[in-house]
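Undergrad: Next up is a structure, given as structure tokens.
Protein chains: 2
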Amino acid sequence: MLAVRLENRSVSVRSEAPPRRPPGSALIRMLQAGICNTDLELQRGYYGFRGTPGHEFVGEVLEADDRTWIGERVVGEINLACGRCEWCAQGLGRHCPKRKVLGIVKHPGAFRELLTLPERNLHRIPKKIAIGHAVFVEPLAAACEILDQATIPRGAVVAVLGDGKLGLLVGQVLKAHGAEVHQYGRHKEKLRIAADLDIDTRMIRKKTPQAAYQWVVDATGSSAGLRQAITMTKPRGAVILKSTMHGLVRLDTAPVIVNEITLVGSRCGRFEPALKLLETGRVKVESLISEVIPLARAREAFRRAAAPGVLKVLLHA
Amino acid sequence: MLAVRLENRSVSVRSEAPPRRPPGSALIRMLQAGICNTDLELQRGYYGFRGTPGHEFVGEVLEADDRTWIGERVVGEINLACGRCEWCAQGLGRHCPKRKVLGIVKHPGAFRELLTLPERNLHRIPKKIAIGHAVFVEPLAAACEILDQATIPRGAVVAVLGDGKLGLLVGQVLKAHGAEVHQYGRHKEKLRIAADLDIDTRMIRKKTPQAAYQWVVDATGSSAGLRQAITMTKPRGAVILKSTMHGLVRLDTAPVIVNEITLVGSRCGRFEPALKLLETGRVKVESLISEVIPLARAREAFRRAAAPGVLKVLLHA
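Residue numbers (the numbering used here), protein chains in the order written: chain A, 5 to 321; chain B, 5 to 321.
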């Protein structure tokens, strides 16, 4: 079978033996998979990653212990938790200290023709959701995670900083929740996607409103963006950190303390609310897909995904 | 009257005209006042401060519009709020954007023989509290602020990093609240004060327990301390930022995001719980007083307050 491999900053596609299916896991044929910024970071050598990346996917179950899965089209939660620790007992396997993570930590990812994942990680895809759209369940769940962590009242005005893939999902999730979203970005074309979905968009000029929002989501992926998010937050307000930055970030903690601002780190989320939002059409992802490229041309797909102005690049098997 | 003046990094004591009492304000004779780390930072030139510092004090009311104040021994909240904005309406004058702050922002401080403060800022000192102890009401209120911001259950295990003046108050406040406090510090003598108050103390060696606490309070005043606090926090846990650092702090945001940690900036607090804790003897401050020095010798007092191993230095009129 074909599998993408990252090593020494380069992307290659090679032929590999199919994976062995462990008990309790399903063998899945990948249909489509999405390239995420994390994959681009793995390519740049963060986490010392080597191997097959890919954690946003849709697939068809070929083999499973529970035969009712066979033939089903599924998405899969990416954290392979131990199932026995205090975190797993709380339903927070996403924080299991022994977890492996699909395509990121110790478990080969979805950028290959066949993959395995524990059956308990799988979710059937409702018929109403197109295959290419279901690939967004994982990042959409990450956007939904905000609402599991912070009690944002309906009607609240929320600033979302960033008009990239994740920022555009976050804006929609918060709007679907009933918030009044102000989406800030630096890219006219990307902001237009939000505007077309009836979100109030604002170009980031030099200055942004100071101490203006009770809730600010930073999805810029830059330390300058995070600093800006903090200045935009009202006293006793909250900044939700929705994008990873590497290395030490230079932050001014004085306004955080003086204005008693809360910074909330936020990562993966539950799949259920994301599936519901796609099924009901309250979140739309079609306009976020820039290109669909065959797995065999993954090298080109990674290059495209890293190009300015490009949003989601999907691989298909 | 005598007044301390900070200018160009130097401390002087000079004779000044007594302050004019504005309507609604009390004229107060300072009895004792405490030198806080913020005062030492003002001396170092932060905030471009020039003038009379001092925001921890006990005084006797000499004149007031409401004559029932006259002759009373009082402490005073340090934020002079406008009384009319959305923050003031919520009882959060501490965040009023137009506020002046006693001895810090646009209102001369308490390191002088006579000072003024709005009558609504004043609190009578219960008879059971000694004058020198009541000086601690302001920093103790800042320690209590943690409980207004974070819902820490009784019985929770909380790590307090730092064995300075504020750290030792925070440890006591959390213990009085019913938490199991682990107080971490680098100074045997200071940790002994906490140990004598039945707090579980631990010397910070190179390594501290990783991902071990749901609640961590950083009262170290150093960016290295804050980084360490983050590593000690469990997934979904919280770090309360209880000490200001100047300039840009280098932080690794990756563990904050991956472990979904919340960072909570925390500053001034309400005086009521602090007065109650001192009155009932559940917080003890006698052992935190290193020296009591006359106002006229403020220069020496500032030097002593900055010396290693010294805790609170009080000025008396």
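From the three backbone atoms N, C-alpha and C, an ideal C-beta is built for every residue, glycine too. All values reported here derive from a predicted model rather than from experimental measurement.
What residues are listed by DSSP as bridge partners for residue 254(A)?
TA: To locate residue 254(A), count along the first sequence from 1; it is residue 250. 254(B), per the DSSP bridge assignment.
Undergrad: How do the stretch 243 to 259 of chain B and the stretch 189 to 205 of chain B stand: do at least 3 beta-carbon pairs fall below 8 Å, yes or no?
TA: Too few Cβ pairs lie closer than 8 Å, so no.
Undergrad: Along the alpha helix (DSSP H) that carries residue 121(A), what are the first and last residues, could you check?
TA: As a working note, residue 121(A) is residue 117 in the first sequence. Here residue 121(A) belongs to no alpha helix (DSSP H); instead the beta strand (DSSP E) covers 118 to 122.
Undergrad: For a cutoff of 8 Å on Cβ pairs, would you count residue 256(B) as touching chain A?
TA: Mapped onto the second sequence, residue 256(B) falls at position 252. Yes - at least one Cβ of chain A is within 8 Å of the one on residue 256(B).
Undergrad: If you scan the stretch 178 to 220 of chain A from start to end, which runs of the beta strand (DSSP E) of 3 or more residues do you find wholly inside it?
TA: Runs found: 184 to 189 and 204 to 207.
Undergrad: Tell me where the alpha helix (DSSP H) around residue 237(B) begins and ends.
TA: Position 233 of the second sequence, counting from 1, holds the residue named residue 237(B). Per DSSP, residue 237(B) belongs to no alpha helix (DSSP H); it is in the beta strand (DSSP E), 237 to 245.
Undergrad: By the criterion of Cβ-Cβ separation under 9 Å, what are the contact partners of residue 76(A) in chain B?
TA: Sequence index remark: in the first sequence, residue 76(A) carries index 72 (1-based). In chain order: nothing, as chain B lies at least about 30 Å away.
Undergrad: Taking only the alpha-carbon atoms, compute the straight-line gap between residue 315(A) and residue 146(A) and give it to the nearest angstrom.
TA: Taking the first sequence and counting its residues from 1, one reaches residue 315(A) at position 311. Taking the first sequence and counting its residues from 1, one reaches residue 146(A) at position 142. Between residue 315(A) and residue 146(A), the C-alpha separation is close to 17 Å.
Undergrad: Along chain B, in chain order, which residues have C-beta atoms closer than 9 Å to that of residue 270(A)?
TA: The residue given as residue 270(A) occupies position 266 in the first sequence. Residues of chain B passing the Cβ test: 261 and 264.
Undergrad: Specify, as a first and last residue, the run of the alpha helix (DSSP H) that residue 141(B) falls within.
TA: For the purposes of this step, residue 141(B) is taken as the residue at position 137 of the second sequence. Looking at the DSSP string, the run of the alpha helix (DSSP H) that includes residue 141(B) is 141 to 153.
Undergrad: Have a look at residue 186(A) and residue 37(A) and give me their C-alpha separation to the nearest angstrom.
TA: Sequence index remark: in the first sequence, residue 186(A) carries index 182 (1-based). Sequence index remark: in the first sequence, residue 37(A) carries index 33 (1-based). Distance between the alpha carbons of residue 186(A) and residue 37(A): 30 Å.
Undergrad: For the stretch 161 to 185 of chain B, list every residue whose C-beta sits within 8 Å of some C-beta in chain A, in sequence order.
TA: none
Undergrad: Following the continuous alpha helix (DSSP H) through residue 135(B), name the residue where it begins and the one where it ends.
TA: Locating residue 135(B) in the second sequence gives position 131, where the first residue counts as 1. For residue 135(B), the uninterrupted alpha helix (DSSP H) run begins and ends at 135 to 138, by DSSP.
Undergrad: Could you check whether residue 33(A) and residue 64(A) sit closer than 8 Å to each other, using their CB atoms as the reference points?
TA: For this step, residue 64(A) is matched to residue 60 along the first sequence. For this step, residue 33(A) is matched to residue 29 along the first sequence. Yes. Within cutoff.
Undergrad: Assuming the contact rule is C-beta atoms closer than 8 Å, residue 243(B) and residue 233(B) should be a hit. Round their C-beta distance to whole Å, please.
TA: For the purposes of this step, residue 243(B) is identified with residue 239 of the second sequence, where counting begins at 1. For the purposes of this step, residue 233(B) is identified with residue 229 of the second sequence, where counting begins at 1. With a beta-carbon spacing of about 5 Å, residue 243(B) and residue 233(B) fall inside the 8 Å limit used to define contacts.
Undergrad: Mind checking if residue 99(B) is an interface residue toward chain A, Cβ cutoff 8 Å exclusive?
TA: Against the second sequence, residue 99(B) aligns to sequence position 95. By this cut-off, residue 99(B) is an interface position.
Undergrad: Which residue's Cα is closest to the Cα of residue 305(B): 128(B), 317(B) and 164(B)?
TA: Counting from one through the second sequence, the residue named residue 305(B) turns up at place 301. The residue from 128(B), 317(B) and 164(B) with its alpha-carbon nearest to that of residue 305(B) is 317(B).
Undergrad: On the DSSP bridge assignment, give the partners of residue 104(B) in chain order.
TA: Here residue 104(B) is taken as the residue at index 100 of the second sequence, counted from 1. Answer by DSSP bridge pairing, in chain order: 84(B).
Undergrad: Along the chain, which unbroken stretches of the beta strand (DSSP E) at least 3 residues long are found entirely within the stretch 5 to 84 of chain B?
TA: If we require 3 residues or more, the beta strand (DSSP E) runs fully inside the stretch 5 to 84 of chain B come out as 6 to 11, 14 to 19, 29 to 39, 60 to 67 and 77 to 80.
Undergrad: Between the stretch 6 to 19 of chain A and the stretch 132 to 141 of chain A, are three or more C-beta pairs nearer than 8 Å?
TA: no
Undergrad: Going by DSSP in three states, residue 234(B) sits in which element: helix, strand or coil?
TA: As a first step, residue 234(B) is located in the second sequence; it is residue number 230 there, counting from the start. Of the three classes helix, strand and coil, the one that applies to residue 234(B) here is helix, per DSSP.
Undergrad: In chain order, what residues of the same chain lie with their CB nearer than 8 Å to the CB of residue 158(A), ignoring the 5 residues before and after it?
TA: Counting from one through the first sequence, the residue named residue 158(A) turns up at place 154. Closer than 8 Å at the Cβ level, and outside the excluded window around residue 158(A), lie 181, 182 and 183.
Undergrad: Given a cut-off of 8 Å on the beta-carbon distance, is the pair residue 203(A) and residue 175(A) in contact?
TA: Taking the first residue of the first sequence as position 1, residue 203(A) is located at position 199. Taking the first residue of the first sequence as position 1, residue 175(A) is located at position 171. Cβ atoms of residue 203(A) and residue 175(A): closer than 8 Å.
Undergrad: Counting only beta-carbon atoms, is residue 253(A) nearer than 8 Å to chain B?
TA: As a working note, residue 253(A) is residue 249 in the first sequence. Judged by the 8 Å Cβ criterion, residue 253(A) is in contact with chain B.
Undergrad: Give a yes or no on whether 8 Å exceeds the smallest Cβ distance from residue 91(A) to chain B.
TA: Mapped onto the first sequence, residue 91(A) falls at position 87. Judged by the 8 Å Cβ criterion, residue 91(A) is in contact with chain B.
Undergrad: Is the stretch 56 to 74 of chain A close to the stretch 16 to 31 of chain A, with three or more CB pairs under 8 Å?
TA: yes
Undergrad: For residue 107(A) and residue 297(A), I'd like the C-alpha separation in whole angstroms.
TA: The count along the first sequence starts at 1 and reaches residue 107(A) at position 103. The count along the first sequence starts at 1 and reaches residue 297(A) at position 293. Spanning the two alpha carbons is a distance of roughly 19 Å.
Undergrad: If contacts are defined as beta-carbon pairs under 8 Å, then residue 310(B) and residue 35(B) qualify, I think. What distance do you get, rounded to the angstrom?
TA: Position 306 of the second sequence, counted from the start, is the residue given in the question as residue 310(B). Position 31 of the second sequence, counted from the start, is the residue given in the question as residue 35(B). Not really, about 24 Å apart at Cβ, beyond 8 Å.
Undergrad: What does DSSP give as the partner residues of residue 295(A) in its beta bridges?
TA: For the purposes of this step, residue 295(A) is taken as residue 291 along the first sequence, with counting starting at 1. Answer by DSSP bridge pairing, in chain order: 317(A).
Undergrad: Does the stretch 68 to 85 of chain B come within contact of the stretch 123 to 132 of chain B, defined as at least 3 CB pairs closer than 8 Å?
TA: yes
Undergrad: Rounding to the nearest angstrom, what Cα-Cα distance links residue 13(A) and residue 50(A) in this structure?
TA: Along the first sequence, one-based indexing puts residue 13(A) at 9. Along the first sequence, one-based indexing puts residue 50(A) at 46. Their backbone Cα atoms lie some 10 Å apart in a straight line.
Undergrad: Please tell me whether residue 239(A) has its Cβ less than 8 Å away from any Cβ of chain B.
TA: Mapped onto the first sequence, residue 239(A) falls at position 235. It does; some Cβ of chain B falls within 8 Å.
Undergrad: What's the gap between the Cα of residue 142(A) and the Cα of residue 43(A)?
TA: What you label residue 142(A) is simply residue 138 of the first sequence in a count that begins at 1. What you label residue 43(A) is simply residue 39 of the first sequence in a count that begins at 1. Each residue's alpha carbon lies about 14 Å from the other.
Undergrad: Taking only three categories from DSSP, how would you classify residue 3(A)?
TA: As shown, chain A starts at 5 and ends at 321. That puts residue 3(A) outside it, with no answer to give.
Undergrad: Hey, does residue 249(A) have any beta-carbon neighbour from chain B nearer than 8 Å?
TA: If you number the first sequence from 1, residue 249(A) lands on position 245. Taking Cβ atoms only, chain B reaches closer than 8 Å to residue 249(A), which makes this a yes.
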